[in-house]
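**Q**
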Amino acid sequence: MKEKKTAVTKQETLAALRKPGEIYTVMSQVTRMPFVMCDEETFDDEVFLYYRVEDAKEKAEQLTKERYRTAVLKIEEKQLLGFYTNLYTMGVNCLAVNDGTDTSIKIQLSDLVRRKKPEEMPEGKRVIENSAMHLTALYFMQELRRLEKPEPTEQIKELQEELLAHYQEGTFIVAIQEDGQIPVLKQKDGSIYQPIFTDVIEFQKFSRGKKMKMAAIPAAKIPEVLVPDAKGVAVNPFGVNVQLQVQRKKQPSPNA
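Following the numbering used here, the numbering of the sequence shown begins with 12 at its first residue and continues without gaps.
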């Protein structure tokens, strides 16, 4: 990618992001979500956006060389608002636009799409979101799958501890089928996990085409609603798919 910098204004970029014509993001094949990266200088949690598919592919190839599993996804114009809004539920606060090119610029998500924080919503209308846990889970799974035989590095241990701390503080969505039963996920080894969701968007991925209700359950109460024989919970199974072993008298621990 080019290194010579061309001046690009914030207002030009905001206008282009709203009506880009074509726009692409780098996806994580591990989490099935936009690839997230923490800026080493600003500590912004960012995703990568490109106007040219060639530039997006070049970034994806660079990350592949660093052993991250990535792909490029085109975002259709009708999907843009949903894509940007979903970044809030992921804990992302920054857009790295054309990173690595001569027109690179960083835009704060709040400058592009504004919305009330969940805690600012009136009683009875508050939505369930666990953005801090979701973000940590994204980083955790991206790092865990970098190596063919990942070892518990210090970084992974720190992310694991942070993930569990967020889990214990959270309230999650539990799916309930039309017949009152709770759906389960059976793994290849025969073990059973019960799906739970950090937010409504993740729940909707799972319930699409099915009639399901939502129940909001604090983490401390989840062991009480576990189905028989469940080894634990699968957080956002159509996304990060982090499996936690949950027992009544033991602390949950990530299961790689």
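Every residue, glycine too, gets a C-beta built ideally from N, C-alpha and C.
Would you kindly work out how many angstroms separate the C-alpha atoms of Ala107 and Glu57, rounded to a whole number?
**A** Within the sequence shown, residue 107 is the residue found at index 96, counting from 1. Within the sequence shown, residue 57 is the residue found at index 46, counting from 1. Approximately 6 Å, taken between the alpha carbons.
**Q** Once the 5 residues before and after Asn252 are set aside, which same chain residues still bring their CB inside 7 Å of it?
**A** One-based indexing of the sequence shown puts residue 252 at position 241. Within the same chain, Asn252 has close Cβ partners Ala245.
**Q** Taking 8 Å as the threshold (C-beta atoms), are Leu60 and Leu123 in contact?
**A** As a working mapping, residue 123 is identified with position 112 in the sequence shown. As a working mapping, residue 60 is identified with position 49 in the sequence shown. Not closer than 8 Å, so no.
**Q** If distances are taken between C-alpha atoms only, which option among Pro229, Gln192, Met225 comes closest to Phe239?
**A** Position 228 of the sequence shown, counting from 1, holds the residue named residue 239. The sequence given here places Pro at residue 239; Phe does not occur at that position. Nearest option by C-alpha distance: Gln192.
**Q** Ignoring anything shorter than 3 residues or poking outside the segment 14-41, list the beta strand (DSSP E) runs there in chain order.
**A** Whole beta strand (DSSP E) segments, 3+ residues: 35-39.
**Q** Would Ala230 and Gln179 be called neighbours here (beta carbons separated by less than 8 Å)?
**A** Within the sequence shown, residue 230 is the residue found at index 219, counting from 1. Within the sequence shown, residue 179 is the residue found at index 168, counting from 1. Yes.
**Q** When you compare only the Cα positions, how much space is there between Glu235 and Val185?
**A** Here the question's residue 235 lines up with position 224 in the sequence shown. Here the question's residue 185 lines up with position 174 in the sequence shown. For Glu235 and Val185, the distance between alpha carbons rounds to 12 Å.
**Q** Taking buried to mean at least 16 other C-beta atoms within 10 Å of its own C-beta, is Glu189 buried or exposed?
**A** Translated into positions along the sequence shown, residue 189 becomes position 178. With fewer than 16 Cβ atoms within 10 Å of its Cβ, Glu189 is classed as exposed.
**Q** Since Tyr204 contacts Gly243 with CB under 8 Å, what's their CB separation in whole angstroms?
**A** Residue numbering aside, residue 204 sits at position 193 when the sequence shown is read from its first letter. Residue numbering aside, residue 243 sits at position 232 when the sequence shown is read from its first letter. At roughly 6 Å, the Cβ-Cβ gap stays under 8 Å, so Tyr204 and Gly243 are in contact.
**Q** Based on Cα-Cα distance, which residue from Glu213, Arg80, Cys105, Phe214 lies nearest to Ser28?
**A** The residue given as residue 28 occupies position 17 in the sequence shown. For the record, residue 28 in the displayed sequence is Leu; it is not Ser. Ranking Glu213, Arg80, Cys105, Phe214 by Cα distance to Leu28 puts Cys105 first.
**Q** Assuming Thr75 is part of the alpha helix (DSSP H), what are its boundary residues?
**A** Indexing the sequence shown from 1 puts residue 75 at position 64. Taken as a continuous stretch (DSSP letters only), the alpha helix (DSSP H) holding Thr75 covers 64-76.
**Q** Going by DSSP, which residues form a beta bridge with Thr81?
**A** As a first step, residue 81 must be located in the sequence shown, where it is residue number 70. Partner(s): Ser39.
**Q** Once DSSP output is grouped into helix, strand and coil, what is the label at Pro234?
**A** Indexing the sequence shown from 1 puts residue 234 at position 223. Helix.
**Q** If I measure Cβ to Cβ from His177 and keep anything under 7 Å in the same chain, skipping five residues before and after, which residues do I get?
**A** By one-based count along the sequence shown, residue 177 stands at place 166. Asn141, Ala143, Met144, Thr147, listed in sequence order.
**Q** Going by alpha carbons, who is nearest to Thr209 out of Lys197, Val138, Tyr150?
**A** Locating residue 209 in the sequence shown gives position 198, counting from the first residue. The candidate whose alpha carbon is nearest that of Thr209 is Val138.
**Q** Nearest to Arg63 by CA position, among Asp50, Ile212, Asp113, Glu77, is which residue?
**A** As a working mapping, residue 63 is identified with position 52 in the sequence shown. For Arg63, the nearest C-alpha among the options comes from Asp113.
**Q** Would you list the residues sitting across from Glu57 in a DSSP beta bridge?
**A** Position 46 of the sequence shown, counted from the start, is the residue given in the question as residue 57. Answer by DSSP bridge pairing, in chain order: Met48, Cys105.
**Q** Would you call Lys127 buried or exposed, if buried means 16 or more other Cβ atoms sit within 10 Å of its Cβ?
**A** On the sequence shown, residue 127 is found 116 positions in, with the first residue counted as 1. The residue in question, Lys127, is exposed, as its Cβ has fewer than 16 Cβ neighbours within 10 Å.
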